[in-house]
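Below you'll find the structure, written out as structure tokens, and then a few comments.
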Amino acid sequence: MHIDYRDVPAATALTTPGTLAVFGFGANAPAAPTDPRYLQVALPALGRAPLECWQVDADVSHGHAGDIAWAQGGGLQFGALEIADDGDVEAAAAHAYTRLRHWLASSAYAHPLRIWNYLDAITEGDGDAERYRRFCVGRARGIGRELAPGELPAATAIGHPQRTGRMQLYWLAAQQAGTPLENPRQVQAWRYPRQYGPQPPGFARALLPPSLRMPLLLSGTAAVVGHASQHHDSLDAQLGEILANLHSLIDTARHSRLALPPSLGSGTRIKVYVRDAKSLAQVDAVLAARLPTVPRIVLHGHVCRHELLVEIDGSHE
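Here the sequence shown is numbered in UniProt numbering, starting from 1 and rising by one per residue.
Have a look at this one:
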């Protein structure tokens, strides 16, 4: 599979042979066609963001199965699900992940490689009542069992800056399992101490897909070292720490796949989530200077800790 950012009409992207999924971002995204491969993500973008396009070297079939939109081909499957969120994010997450679990169990594409979670007001609430902590509890309820470290997908969880009343969940699954990876600079998320909530987050820091023709999948990565947030008051310093974490993940992945480029470059694609809308242009300028050859989409979204100002996810090949 190849991931690219394309400044074309949605209809053009969807008629390209081998298109598995297409994503539009923000209010300026193309109007959502009925094609189940198209998803409009409810996060505002800096300027007019390009479309994110997933391509496979195979024929693609697609359809709807109740509330799930799906597409599959080349040993991979895209799926998307939207769940109403009336304020009880734990119940919404439990419902979404129960639905996902049943879907995967009945599918030939039983192995989730990468999951994205977009939800309202992710850091609203105090202590264990914080919505992200309740989301983690609900996600674990929906999964129904404790996943072993080797089963964890890469993942992102980001908050909508304005309430939408819904949770968006989409994923990439495969017929064969990938290899989850951890960052030696960070404590594994599933081993976070109790201070971060009653249920640790359930994801791997990155994942190597089973096919050598697929990119390294990078989870949402913030300025966390060990398990502690860094540089609470400095956006530039947080970006520097994030880039250090991403390069550490690439170094880890290259122990298993030496052919991966050693640095972020023209084969990398990143999505950047910025907490403060006033900082979008600043973040874009910093990344243009530090990563001039890396295509990016800059979005207004809230990271899962109040003090974290920016997060980056993406792919690398």
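Every residue gets a Cβ at the ideal spot worked out from N, C-alpha and C, and that includes glycine.
Item to check | residue 239 (DSSP reduced to helix, strand or coil) | outcome: Of the three classes helix, strand and coil, the one that applies to residue 239 here is helix, per DSSP.
Checklist entry - Going along the chain, which unbroken runs of the alpha helix (DSSP H) with 4 or more residues stay wholly within the stretch 183–254? => result DSSP runs (the alpha helix (DSSP H)) wholly in the stretch 183–254: 235–254.
Item to check | Close-in-space but distant-in-sequence residues of the same chain around residue 43 (CB under 8 Å, 5 per side omitted) | outcome: Cβ within range, chain order: 25, 26, 118, 158, 160, 161, 273, 299, 300, 301.
Item to check | Alpha carbon of residue 279 to alpha carbon of residue 211, nearest angstrom | outcome: Going by C-alpha positions, residue 279 is about 37 Å away from residue 211.
Item to check | N-terminal and C-terminal residue of the alpha helix (DSSP H) that residue 132 is part of | outcome: Annotation: the continuous alpha helix (DSSP H) that includes residue 132 extends over 131–143.
Checklist entry - Looking only at DSSP bridge pairs, what is residue 177 linked to? => result Answer by DSSP bridge pairing: none, since residue 177 is not bridged.
Checklist entry - With DSSP run on the structure shown, which of helix, strand or coil describes residue 44? => result Coil.
Next on the checklist: Please report the straight-line C-alpha distance between residue 251 and residue 262, rounded to a whole angstrom.
Outcome noted: Approximately 7 Å between the Cα atoms of the pair.
Next on the checklist: Please return the same chain residues whose Cβ sits closer than 8 Å to the Cβ of residue 294, not counting the five positions on each side in sequence.
Outcome noted: Only residues of its own chain outside the window of five on either side were considered, and among them 264, 265, 266, 268, 269, 270, 287 have a CB closer than 8 Å to the CB of residue 294, listed in chain order.
Item to check | Residue range of the unbroken beta strand (DSSP E) whose run includes residue 321 | outcome: The structure shown has nothing for residue 321, since the chain only spans 1 to 317.
Next on the checklist: Report the CB separation of residue 198 from residue 283 in whole angstroms; it is logged as a contact under 8 Å.
Outcome noted: That pair is no contact at about 32 Å.
Checklist entry - Any idea what DSSP makes of residue 85, helix, strand or coil? => result Assigned with DSSP and collapsed to three states, residue 85 falls in coil, not helix or strand.
Checklist entry - Beta carbon of residue 154, beta carbon of residue 109: below 8 Å? => result The Cβ-Cβ distance between residue 154 and residue 109 does not fall below 8 Å.
Item to check | Cβ neighbour criterion (16 or more within 10 Å) applied to residue 149 | outcome: Looking at its Cβ environment, which holds fewer than 16 other Cβ atoms inside 10 Å, residue 149 is exposed.
Next on the checklist: Using a Cβ-Cβ cutoff of less than 7 Å, which residues in the same chain neighbour residue 139 once the five nearest sequence positions on both sides are dropped?
Outcome noted: Hits under 7 Å: 93, 97, 202.
Checklist entry - Hey, would you say residue 33 sits closer than 8 Å to residue 10, going by beta carbons? => result Yes; because the gap between Cβ atoms is below 8 Å, this pair is in contact.
Checklist entry - In three-state DSSP terms, what is residue 150? => result In the structure shown, residue 150 sits in a helix (DSSP, three-state: H, G or I).
Checklist entry - Is residue 85 buried or exposed, if buried means 16 or more other CB atoms sit within 10 Å of its CB? => result Within a 10 Å sphere around the beta-carbon of residue 85 sit 16 or more other beta-carbons, which makes this residue buried.
Next on the checklist: Out of 187, 175, 309, which one is the CA nearest neighbour of residue 72?
Outcome noted: Proximity to residue 72 across 187, 175, 309 peaks at 175, based on C-alpha coordinates.
Next on the checklist: Among the candidates 307, 311, 208, whose CA atom is the shortest distance from the CA of residue 244?
Outcome noted: Comparing Cα-Cα distances from residue 244 to each of 307, 311, 208, the minimum goes to 311.
Checklist entry - Would residue 239 be called buried (16 or more neighbouring beta carbons within 10 Å of its own) or exposed? => result Here residue 239 is buried. Its C-beta has 16 or more other C-beta atoms within 10 Å.
Checklist entry - residue 195 to residue 101, Cα distance in whole Å? => result Each residue's alpha carbon lies about 28 Å from the other.
Item to check | Option in 217, 224, 54, 281 with minimal Cα separation from residue 254 | outcome: Residue 254 has its Cα closest to that of 217, out of 217, 224, 54, 281.
Checklist entry - Of all the options 177, 125, 70, which has the alpha carbon lying nearest to the alpha carbon of residue 21? => result Considering only 177, 125, 70, the residue with the shortest C-alpha distance to residue 21 is 70.
Item to check | Cβ-Cβ distance between residue 241 and residue 227 below 8 Å | outcome: Not in contact: residue 241 and residue 227 (Cβ atoms no closer than 8 Å).
Checklist entry - What does a CB cutoff of less than 6 Å around residue 35 pick up in its chain, not counting 5 residues either side in sequence? => result So the list reads 14, once near-sequence residues are dropped.
Item to check | Rounded straight-line distance, which links the Cα of residue 126 to that of residue 307 | outcome: Rounded to whole angstroms, residue 307 and residue 126 show a C-alpha spacing of 14 Å.
Item to check | Span of the beta strand (DSSP E), counted from its first residue to its last, around residue 69 | outcome: First-last of the beta strand (DSSP E) with residue 69: 68–73.
Next on the checklist: Going by DSSP in three states, residue 35 sits in which element: helix, strand or coil?
Outcome noted: DSSP places residue 35 in coil when its eight states are reduced to three.
Checklist entry - Nearest-angstrom Cα distance between residue 8 and residue 40? => result Each residue's Cα considered, the two are about 15 Å apart.
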